[in-house]
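Enquirer:
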Amino acid sequence: MKKQELHEKVLHLEEIYRDLDISAKKTERTKNDAIQELSEKFDGLRDSIESERQVFSLQLKKYDDERKHSHEVKDKLTEEVVRLREVWADSQEQEAMWETKYNEMLAISSHREQEIF
843 MKKQELHEKV
853 LHLEEIYRDL
863 DISAKKTERT
873 KNDAIQELSE
883 KFDGLRDSIE
893 SERQVFSLQL
903 KKYDDERKHS
913 HEVKDKLTEE
923 VVRLREVWAD
933 SQEQEAMWET
943 KYNEMLAISS
953 HREQEIF
């Protein structure tokens with residue numbers, strides 16, 4: 843009987859081994875499935891982050907271009923203001939000169955008028 847009992851125990855141990863092997867394979871598949879799922883999620887997140895980075899980069903470039911353009915326009919306007927101030931100053935000098943000449947001519951005319959009469 844001992845041989846029979848021993849044989850039954852061996853069969854029982856083989857059955858336990860098979861169950862453990864099947865369980866280990868299932869666990870390995872579950873682990874691999876979880877790794878695959880996490881990998882896919884990570885790839886999706888990486889793609890999303892890259893897409894957002896590209897959008898941000900384009901917006902930053904657009905902002906930088908607009909800022910440069912604003913500075914160029916401001917510089918041109920500043921140059922125009924300086925030029926107009928110079929023109930205005932010149933016109934003030936011209937006006938003062940013509941007023942002086944007018945007064946001189948008026949004085950001469952008045953003096954001649956007095957000589958005539």
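First residue of the sequence shown? That's 843 in this note's numbering, and the numbers climb one at a time after it.
Note that CB positions come from ideal geometry on N, CA and C, so glycine has one too.
Expressed to the nearest angstrom, what Euclidean distance is found between the alpha-carbon atoms of VAL852 and ILE864?
Expert: By 1-based counting over the sequence shown, the position of residue 852 is 10. By 1-based counting over the sequence shown, the position of residue 864 is 22. Looking at the two C-alpha atoms, the distance is approximately 18 Å.
Enquirer: Quick check: the Cα distance between ARG797 and GLY886, rounded to an integer number of angstroms?
Expert: Because residue 797 is not part of the residues shown, which for the chain are 843 to 959, the question remains open.
Enquirer: Distance check for LEU919 and GLU955, CA to CA, integer angstroms please.
Expert: Position 113 of the sequence shown, counted from the first residue, corresponds to residue 955. Position 77 of the sequence shown, counted from the first residue, corresponds to residue 919. One alpha carbon belongs to GLU955, the other to LEU919, and they sit about 52 Å apart.
Enquirer: Using the Cα positions of HIS805 and TYR859, report the straight-line distance between them to the nearest angstrom.
Expert: Lying outside 843 to 959, the shown extent of the chain, residue 805 is not represented and no answer is given.
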